[in-house]
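Okay, structure first, notes after.
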Amino acid sequence: MRLKPLQNSSPIAGLTELPALGLDADSIGEDFRRYFGRTLGRDKRCHSTHYPYEALALTVRDRLMERWKNTRYAYEERDCRRMHYLSMEFLMGRSLGNAMLNLGVVDAVTQGLHDLGLELEEIAEDESDAGLGNGGLGRLAACFLDSCATLQLPVLGYGIRYEYGMFRQQIENGYQVEEPDHWLRDGNPWELERPEFTQRVHFGGRAEYYRSDDGHPRARWVDTHDVLAVPYDVPVPGYRNGTVNSLRMWQAAATDVFDLDEFNAGSYPESVAAKNAAEHITMVLYPNDKSENGKELRLRQQYFLASASLKDVVRRWVRDHGEDFSQFAEKNCFQLNDTHPSCAVAELMRLLMDEHFLGWEKAWDITTRTTAYTNHTLLPEALEKWSVRLFKQMLPRLLDVIYEINARFLTEVAKRWPGDVKRQQRMSIIEEGADPQVRMAYLAIVGSYSVNGVAALHSELLKQGLFRDFYKLWPKKFNNKTNGVTQRRWLAWCNPGLTELISDAIGDGWVTDLEQLQRLRPYANNADFRARWHEVKQANKQRLVDLVQAECHVLFPGDALFDVQVKRIHEYKRQLLNILHVIHLYDRIKRGDTADWVQRCVLISGKAAPGYAIAKLIIKLINNVAKVVNSDPDVGDRLKIAFLPDYRVTAMERICPGTDLSEQISTAGKEASGTGNMKFMMNGAVTIGTLDGANIEIREQTGADNFFLFGLTAQQVEAMHKDYDPGAIIEGDEDFQRVMQLLRSAHFNQFEFGLFDSVIDAINSPHDPWLVAADFRGFVDAQRRAGDAYRDRERWTRMSILNTAASGKFSTDRTIREYNDDIWNLERVPPLPVK
Ligand code: 26Q
Numbered sequence: 050m051r052l053k054p055l056q057n058s059s060p061i062a063g064l065t066e067l068p069a070l071g072l073d074a075d076s077i078g079e080d081f082r083r084y085f086g087r088t089l090g091r092d093k094r095c096h097s098t099h100y101p102y103e104a105l106a107l108t109v110r111d112r113l114m115e116r117w118k119n120t121r122y123a124y125e126e127r128d129c130r131r132m133h134y135l136s137m138e139f140l141m142g143r144s145l146g147n148a149m150l151n152l153g154v155v156d157a158v159t160q161g162l163h164d165l166g167l168e169l170e171e172i173a174e175d176e177s178d179a180g181l182g183n184g185g186l187g188r189l190a191a192c193f194l195d196s197c198a199t200l201q202l203p204v205l206g207y208g209i210r211y212e213y214g215m216f217r218q219q220i221e222n223g224y225q226v227e228e229p230d231h232w233l234r235d236g237n238p239w240e241l242e243r244p245e246f247t248q249r250v251h252f253g254g255r256a257e258y259y260r261s262d263d264g265h266p267r268a269r270w271v272d273t274h275d276v277l278a279v280p281y282d283v284p285v286p287g288y289r290n291g292t293v294n295s296l297r298m299w300q301a302a303a304t305d306v307f308d309l310d311e312f313n314a315g316s317y318p319e320s321v322a323a324k325n326a327a328e329h330i331t332m333v334l335y336p337n338d339k340s341e342n343g344k345e346l347r348l349r350q351q352y353f354l355a356s357a358s359l360k361d362v363v364r365r366w367v368r369d370h371g372e373d374f375s376q377f378a379e380k381n382c383f384q385l386n387d388t389h390p391s392c393a394v395a396e397l398m399r400l401l402m403d404e405h406f407l408g409w410e411k412a413w414d415i416t417t418r419t420t421a422y423t424n425h426t427l428l429p430e431a432l433e434k435w436s437v438r439l440f441k442q443m444l445p446r447l448l449d450v451i452y453e454i455n456a457r458f459l460t461e462v463a464k465r466w467p468g469d470v471k472r473q474q475r476m477s478i479i480e481e482g483a484d485p486q487v488r489m490a491y492l493a494i495v496g497s498y499s500v501n502g503v504a505a506l507h508s509e510l511l512k513q514g515l516f517r518d519f520y521k522l523w524p525k526k527f528n529n530k531t532n533g534v535t536q537r538r539w540l541a542w543c544n545p546g547l548t549e550l551i552s553d554a555i556g557d558g559w560v561t562d563l564e565q566l567q568r569l570r571p572y573a574n575n576a577d578f579r580a581r582w583h584e585v586k587q588a589n590k591q592r593l594v595d596l597v598q599a600e601c602h603v604l605f606p607g608d609a610l611f612d613v614q615v616k617r618i619h620e621y622k623r624q625l626l627n628i629l630h631v632i633h634l635y636d637r638i639k640r641g642d643t644a645d646w647v648q649r650c651v652l653i654s655g656k657a658a659p660g661y662a663i664a665k666l667i668i669k670l671i672n673n674v675a676k677v678v679n680s681d682p683d684v685g686d687r688l689k690i691a692f693l694p695d696y697r698v699t700a701m702e703r704i705c706p707g708t709d710l711s712e713q714i715s716t717a718g719k720e721a722s723g724t725g726n727m728k729f730m731m732n733g734a735v736t737i738g739t740l741d742g743a744n745i746e747i748r749e750q751t752g753a754d755n756f757f758l759f760g761l762t763a764q765q766v767e768a769m770h771k772d773y774d775p776g777a778i779i780e781g782d783e784d785f786q787r788v789m790q791l792l793r794s795a796h797f798n799q800f801e802f803g804l805f806d807s808v809i810d811a812i813n814s815p816h817d818p819w820l821v822a823a824d825f826r827g828f829v830d831a832q833r834r835a836g837d838a839y840r841d842r843e844r845w846t847r848m849s850i851l852n853t854a855a856s857g858k859f860s861t862d863r864t865i866r867e868y869n870d871d872i873w874n875l876e877r878v879p880p881l882p883v884k
């Protein structure tokens, strides 16, 4: 977009002074009608939900706008310290409901629409999820933004505006089929394009070294191919506090110059091709939740985010402070959401040195006082690496900066451990070999003043394992920040029934102070309260029954134990163990072992990375088992199993309120934290789980009696690998033998012979990294205990209440307070008042 400066801009200030908009049903209804009829030009012949949705979104958005501006003004006036959350993923889900909740207009909107004969729930269903993330890491970023706005912290999210988000999952003949998610097709009323803050990002070319007029050695990056980064801002409202923060997402666009060069050279098609290549950068989210090595476009995306965001922050700095960077580190910090934006370490150095002419020492001091890194994985194979060759081609100047960072770092290592060459090789940012690699985690650690894990166990294991050498060198850098989730979306919004019951009992202070849920504890002993709790749970289960019926054509009996596992499909998360248990239950029914049977409905949902063959095969197995079990008249209502397609934020909003039992069954030491486990707990589900990630802290909070524990510990897992013998384990367990016999006999793949051989082999392999067989017996026994507990409704309801009551720790409000106290040190800045 071309922006021409206005010759006389002095009246603009006055133009933006608008009267505050009403939050009552009447003014909301009036605005809605105006948007619907005038702005959108619809009338009585409009029969889709889309235009009512759009009219409502615009009505609500207007009410955010004034608060948004006043928040920005307050931050600018105070010239306060700010944090910038750099993340390749923000899994925001839907915005309308969240905006209404946080503005406090849910009742007014419901009433206003009702007066017009419309239903809020139906209209809100029109919004598609902003699915700009894979799973936990992306959703964590979204929950963080909600808590930062609620705590009134000057925080800005920086991400990528992918044209296509996480793929839509369809199930065909039991197989996952991926479809592109063109989420912007019908427009996005929540974003505001900001072409005035467009940045230019460099690629390719070469580094040139020269001396400045006064003799200083300098570097510049020349002959580059540039891409424009155009920001789109999305409002992030705090909970009823007037604050509206921003999420700024970059979209790639071609530069004119780039086109023109080709055009002048007489090759118009090539000039258009160049435009395409530029715009490809932000076309699609990579649908892997583990680092997939080597993909050039992914590195392009990562650098694009880092460079555009840092340039934006530096632009604002220079606008407000000129070229004096002495206070930059006092006023700014950057939190890296995993290593994905870790190019930022080298890019900040480059900007400060090459474009603002600071010397190395000053630039390094600023970089290492502003950058902090969060790790989200313990799997060594998931640590990000990029080939030096690719780096050199795409980001030559950045690679030189990284080499220099590494050389200076290794000098420090050599001082600490003289002569220890092995250690230097181990710790080097550059992994030597036939195809040398840049180790992004090491770059992030070296460039950061803080390195944190996301649950207590995870942070401990990082120090003892993956980052051991770095911990020895810089013990004080390492810390833990146990994850959380926002109770605004994950309880107050998604579970209005329970919200009302809780608030009736203890007031509504928990919405911004989740520890208050502790006050529910005594109510667990109140039979009347338990009855009401049970009633709410049953209503939520019915809503889940309807969803499963509509999407899977499986009818769940509402009285059954609802046993749910929803998350990315991954071997370490062990959906396979879950399905082995289902087969075991089926086997028990078939052989008539059904005395004291507890009816059970097993729901599984999640996406597999498109290239992850065994994960996709596990989806097929689940669907095949479901088909056999659900259609067997001997089974009837004793056992039902469904695979819900297209798991996403909005699906979880329906699933977690209706869940009785939350499956968190990863191999111990492999799940960094988990956050679905927290959403379930908050909504009164009881966990069956291993001592992994945040499960440990969940169990600590709720008490061992209210948690179904099984399985090896992380330590035992390590020891077990040495002489793991799944054959012997199966041999020694009759139930397990029968399960494996059913699998081997192709009972679930009668017309697809041999289909599951690789899955069967994986279970039988002494090299199975996930030790599925080792935990089978423990899991089956824990499930038996869960079933027994469920049979006693009063006991179960008590456990359910006590889980919700103990979930206070797992609010991102607590997580963010800890980040702020230990890492960010921001002051709370309320917005200017709305007039
Ligand atoms: C990296 C490079 C190239 C392509 C893809 C990726 C990539 C993308 C996404 C790597 C990892 C992810 C996502 C990881 C993730 O979601 N991790 C989860 O983070 C949660 C929040 O901390 C934890 O609760 C989970 O335990 C962890 O698995």
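Counting from 50, one number per residue, gives the positions in the sequence shown under the working numbering.
Where a beta carbon is used, it is the ideal one built from N, C-alpha and C, also for glycine.
Rounded straight-line distance, which links the Cα of residue j to that of residue i
i, j, result
"residue 282", "residue 502", "29 Å"
"residue 367", "residue 535", "35 Å"
"residue 223", "residue 631", "17 Å"
"residue 319", "residue 392", "30 Å"
"residue 504", "residue 629", "28 Å"
"residue 495", "residue 128", "29 Å"
"residue 479", "residue 487", "5 Å"
"residue 542", "residue 113", "18 Å"
"residue 104", "residue 242", "19 Å"
"residue 327", "residue 573", "59 Å"
"residue 730", "residue 374", "46 Å"
"residue 797", "residue 616", "24 Å"
"residue 643", "residue 634", "9 Å"
Environment of residue i [buried if 16+ CB atoms lie within 10 Å]
i, result
"residue 201", "buried"
"residue 234", "exposed"
"residue 93", "exposed"
"residue 774", "exposed"
"residue 325", "exposed"
"residue 229", "exposed"
"residue 889", "The shown model of the chain, from 50 to 884, leaves out residue 889, and the question about it has no answer."
"residue 80", "buried"
"residue 259", "exposed"
"residue 412", "buried"
"residue 748", "buried"
"residue 750", "buried"
"residue 801", "exposed"
Test item: CB-CB of residue i and residue j under 8 Å
i, j, result
"residue 432", "residue 440", "no"
"residue 919", "residue 875", "Any property of residue 919 remains undetermined from this structure, which presents the chain solely from 50 to 884."
"residue 405", "residue 351", "no"
"residue 297", "residue 280", "yes"
"residue 937", "residue 538", "The chain is shown from 50 up to 884; residue 937 falls before or after that span and cannot be answered."
"residue 561", "residue 288", "yes"
"residue 70", "residue 88", "no"
"residue 396", "residue 348", "no"
"residue 91", "residue 100", "yes"
"residue 618", "residue 656", "yes"
Check your understanding: Three or more C-beta pairs closer than 8 Å, one from the stretch 710-721 and one from the stretch 736-752: is that the case here?
Key -> yes
| How about the stretch 567-575 and the stretch 604-613: do they share at least three Cβ pairs that are nearer than 8 Å? | no
When the Cβ atoms of the stretch 66-82 are set against those of the stretch 146-161, are three or more pairs found closer than 8 Å?
yes
| query | Below 8 Å, can you find three or more Cβ-Cβ pairs linking the stretch 140-153 to the stretch 615-624? | reply | no
Check your understanding: Should the stretch 536-548 be called in touch with the stretch 825-840, which here means at least 3 C-beta pairs below 8 Å?
Key -> no
Pocket of the ligand 26Q (residues with CB nearer than 7 Å to any heavy atom), chain order: 137, 138, 183, 184, 185, 186, 187, 189, 335, 337, 338, 339, 340, 341, 344, 347, 387, 389, 425, 426, 431, 433, 503, 532, 720, 721, 722, 723, 724 and 742
Item checked: Stretch-stretch touch, CB-based, cutoff 8 Å, three pairs: the stretch 249-258 with the stretch 443-460 -> yes
Tell me, please, whether the stretch 860-875 touches the stretch 746-765 by the rule of three or more beta-carbon pairs shorter than 8 Å.
no
Practice task
Specify whether the stretch 134-149 and the stretch 170-183 touch according to this definition: at least 3 beta carbon pairs, one from each stretch, less than 8 Å apart.
Solution key: yes
Q. Taking contact to mean at least 3 C-beta pairs separated by less than 8 Å, is the stretch 847-857 in contact with the stretch 515-532?
A. no
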